[in-house]
Amino acid sequence: MTTATMRAAVLDGVRSIRNRRVPIPAMGPAELLVRVLASGVCGSDLAAYRGTHPYKTAPVVLGHELCGVVEQVGAQVTGFAPGDLVCSAAFSPCDRCAACRGGAAHLCSDRANLSHRGWEGSLAEYVVLRENMTFRLAEHVDPVAGALVEPLTIGRHAVGLARPDPSVAVLGSGSIGLACVLAVRRSWRATVTCVDLGPAKGRLARAVGADRYVDAAEEDQAAVAERAGPAGVTFVASGHPGVLDQAAAMTRPGGQVVVVSYFPGPAAVDANALVRRELTVTGSALSTPEDFAEVIGWVERGLVDPRALVTHTVELAEAAEAFALADRADGTVGKVVIRTGTREG
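Here the sequence shown stands for residues 1151 to 1495, where the numbers follow this note's numbering.
Next up, the structure:
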């Protein structure tokens, strides 16, 4: 019997993506086979590409910011049917641990992640998903917007952990920082200031609703803090050295710092500044089904268009070029989306 195959972009080494034909993944009874339409290149994908991700390592098919059409459903799947347009979380919770039983599945201690332990990601024609990580989208949703629901939920979750305040700063104008801007705009009235490097990042920040942009390439740290603050809430969406001290400096006494970025290693911080200014520091991890429900509602009703984050769209055959673009450090590249197919198949 001939094994059915599909096209996939395989990470086969550091900064090496190759297009290959691989077997279409087998589907279990509680799983769905999804034909991928579009996938975003995430910061964690980029870390794996650079060889710095803690567990996503070559050879592997990356990708978890996805939108696709359900092709088949397992015998135990009850909430989906072939033809449904869907998006997905990056992980499947175990549904057994204390966090899952307590309603905090995003903090699951035994979650399974796409692109890990043999579970290939969405930079391919097909991906297998589990029912507890999959979310239905209305038919009119553009697949690129559908693929960006997942990163937007990360920003929505961070904003949901913050105390509403009329003055907001966002450190980092990558896709997660901009997702925070979009979520703040939907959640409360505020003046939002973004901080990053270079004018291109400023154009992206303003495109999604930031009121002000501070180019840290043109200012020293004290000047950046003065121009961006004092903020009642500062979102940290960058892992560059010194970012936590920078956040503390621009947050008013009694304010809140919400950390949504991951760091390549232990991050130093002047704890005395946190104490002296009586700042609350809150970590924000991943997102919940409630975040997905809210963001999907925003996108379906046209209240938020995450496509404003996108600067480059390419086809699956150009995945190597897509990662090379995302890997550039000149500040000119926003979200890169890889299109895989069309709704017609």
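Yeah, the Cβ is synthetic: ideal placement off N, Cα and C, and Gly gets one too.
In three-state terms, what does DSSP make of residue i?
i: A1355; result: helix
i: Q1222; result: strand
i: V1449; result: helix
i: S1388; result: coil
i: G1201; result: coil
i: S1337; result: helix
i: L1436; result: coil
i: E1465; result: strand
i: R1251; result: helix
i: L1347; result: coil
i: E1181; result: strand
i: V1227; result: coil
i: P1175; result: coil
i: R1478; result: coil
i: R1165; result: coil
i: V1425; result: helix
i: V1136; result: Nothing about residue 1136 can be read from this structure; the chain reaches only from 1151 to 1495.
i: V1236; result: strand
i: V1374; result: helix
i: V1393; result: helix
i: E1494; result: coil
i: D1441; result: helix
i: A1360; result: coil
i: A1418; result: coil
From the DSSP secondary-structure annotation, give me the bridge partner or partners of residue i.
i: S1189; result: L1216, I1488
i: Q1406; result: V1383, T1430
i: V1211; result: V1160
i: L1196; result: Answer is none; L1196 lacks a bridge partner.
i: F1241; result: N1263
i: Y1412; result: None, per the DSSP bridge assignment.
i: D1365; result: D1346
i: T1401; result: A1381
i: T1155; result: P1173
i: V1460; result: K1485
Give the straight-line distance between the Cα atoms of residue i and residue j, rounded to the nearest whole angstrom.
i: L1279; j: S1242; result: 8 Å
i: A1399; j: L1424; result: 9 Å
i: V1331; j: L1321; result: 11 Å
i: V1309; j: S1388; result: 16 Å
i: D1441; j: A1333; result: 10 Å
i: S1317; j: C1344; result: 11 Å
i: G1382; j: P1391; result: 22 Å
i: V1460; j: A1375; result: 28 Å
i: Q1396; j: A1297; result: 32 Å
i: Y1363; j: D1346; result: 8 Å
i: S1238; j: M1283; result: 6 Å
i: A1366; j: D1420; result: 20 Å
i: R1353; j: A1274; result: 31 Å
i: A1474; j: I1326; result: 20 Å
i: P1403; j: T1155; result: 58 Å
i: R1427; j: L1436; result: 28 Å
i: V1186; j: D1477; result: 23 Å
i: K1517; j: L1257; result: Summary: the structure shown does not reach residue 1517, with the chain confined to residues 1151 through 1495, and so no result is reported for it.
i: V1386; j: G1213; result: 24 Å
Use the C-beta contact count for residue i: other C-beta atoms within 10 angstroms, 16 or more gives buried, fewer gives exposed.
i: Q1406; result: buried
i: A1418; result: exposed
i: G1447; result: exposed
i: A1312; result: buried
i: V1164; result: exposed
i: E1444; result: buried
i: T1384; result: buried
i: Y1199; result: buried
i: R1267; result: exposed
i: T1492; result: exposed
i: S1411; result: buried
i: G1415; result: exposed
i: T1401; result: buried
i: H1203; result: buried
i: R1451; result: exposed
i: S1259; result: exposed
i: R1306; result: buried
i: T1341; result: exposed
i: L1453; result: exposed
At a Cβ threshold of 8 Å, is residue i touching chain C?
i: G1229; result: Considering every chain present, this structure includes no chain C. It has just one protein chain.
> Whole beta strand (DSSP E) runs in the region 1253-1286 with 3 or more residues, listed along the chain?
Replying inline: 1276-1280
>> To test your reading of the DSSP string, which unbroken beta strand (DSSP E) runs of 3 or more residues are found completely within the region 1287-1339?
In response: 1317-1321
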